[in-house]
Amino acid sequence: MRTTTVRVPAKINLCLGVGPRRDDGYHPLATVYQAVDLCDEVRATEVEDGAVTVSVQFAGDERREQAPVPTGPDNLAVKAACALRDAFGVEAGAGLAIRKAIPVMGGMAGGSADAAAALVACDALWGTKATRGELEEIAATLGSDVPFLLHGGTALGAGRGEEVSPVLARGRFHWVFAIADRGLSTAEVYARYDEMHAEAPPPAPHVPQALLTALAAGDAAALGNALSNDLQKASLDLRPELSRVLEVAGEADALGALVSGSGPTVMVLAEDPSHSEELAGLLLRSGACADAVQASGPEPGAHLI
Ligand code: C5P
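The sequence shown begins at 1 in this note's numbering and counts up by one.
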């Protein structure tokens with residue numbers, strides 16, 4: 001039986017500027033994404049009857065309870081495969097097997113990553129030979145982060161996040177991800193953000209110049225100082241216990257610490273791999289998070305292995 005396997009990274013937002021809610025319900029973003037080597041894998045096996053099915057296995061730590069991942073048509077990887085099949089008139093189907101290491105509902109775009117991986121895996125499996133542009137177009141219909149997870153690396157995100165362009169970044173950055181025992185709904189965090197700005201709408205978002213300068217110089221200390229996330233207040237309001245994670249990271253001399261995307265994962269920047277190991281140990285022992293995982297970036301986007 002023919003199979004293809006794709007590895008796909010998690011994403012973080014080094015800055016996340018969020019403007020006022022648009023008429024379509026989405027928010028204009030000015031963000032810098034980075035892909036990190038905390039990766040899911042999606043294996044696609046060809047089936048004759050045109051059906052697309054999915055199974056999910058967790059690679060993660062048993063200390064943390066994973067939210068259930070849909071295993072029917074609501075699964076974003078299934079939607080991705082079906083969208084590609086319909087766009088190219090493919091008659092075959094695919095059985096998708098997802099091995100998840102990216103936290104579920106953690107603010108690291110795990111579901112979007114699996115959708116990007118399914119597009120690349122099924123394109124190779126079915127021989128549809130979609131162009132990069134065609135895949136990106138389908139990706140944008142699936143979710144705001146899906147185009148970036150095809151792209152990978154370090155990139156600017158505009159529009160609702162789906163307009164991706166590369167940004168100059170030197171060197172490698174070492175992170176620890178403090179993972180919570182349960183996920184947070186992205187839509188809920190944006191809704192709380194709107195409530196918090198009910199009186200005065202936020203200004204149009206922008207990417208701070210200091211962040212771009214730090215990336216271009218490969219300066220981890222400057223990057224740590226330039227991290228920013230407009231959604232952090234809303235996430236902390238929904239999960240006040242996350243401020244303890246930020247405190248522990250600060251006391252431990254992390255270069256920076258910030259809620260990742262809509263949370264509840266907190267990303268902690270280290271100087272180098274040994275500092276990141278030390279920070280991971282401290283975070284775990286503090287009991288402020290359910291798990292602490294080391295990863296580094298930038299990483300390539302969804303790719304066949
Ligand atoms: O695009 P995606 O489906 O991943 O977005 C999930 C939810 O996050 C949306 O339904 C919306 O509530 C919120 N969102 C937003 N503005 C964005 C991206 C996401 O309001 N730019």
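We put the CB at the ideal spot given by N, CA and C, even for glycine.
| Query | Result |
| --- | --- |
| 3-residue-minimum beta strand (DSSP E) runs that sit fully inside the segment 219-263, ordered along the chain | 256-259 |
| Residues that DSSP places opposite ASN13 in a beta bridge | TYR33 |
| Same chain, Cβ closer than 6 Å to ARG285, five either side skipped, listed in chain order | none |
| Assumed close pair THR45, GLY95 - CB separation to whole angstroms, cut-off 8 Å | 4 Å |
| 8 Å Cβ cutoff met for MET105 and ALA10 | no |
| Heavy atom of ligand 1 within 7 Å of ASP230 beta-carbon | no |
| Bridge partners - THR4, DSSP secondary structure assignment | ALA44 |
| Any non-hydrogen atom of ligand 1 closer than 7 Å to HIS27 Cβ | yes |
| Where the alpha helix (DSSP H) through SER185 begins and ends | Neither: SER185 is in no alpha helix (DSSP H) and is coded neither H nor E. |
| Assigned secondary structure, GLY297 (DSSP; H/G/I helix, E/B strand, else coil) | strand |
| Any non-hydrogen atom of ligand 1 closer than 7 Å to ARG160 Cβ | yes |
| Given THR71 as reference, the closest of CYS82, GLU299 and VAL56 once Cα atoms are compared | VAL56 |
| Stretch pair the segment 28-38 + the segment 143-154: three plus CB contacts closer than 8 Å | yes |
| CA-to-CA distance, ALA252 to ARG43, given in whole angstroms | 39 Å |
| Sequence ranges, alpha helix (DSSP H) only - wholly within the segment 131-161, length at least 4 | 132-142 and 146-151 |
| Local Cβ density within 10 Å of HIS174, reported as buried at 16 or more and exposed below that | buried |
| Proximity test, ALA257 beta-carbon vs ligand 1 heavy atom, cut-off 7 Å | no |
| Identity of the residues DSSP links to THR53 by a beta bridge | GLY95 |
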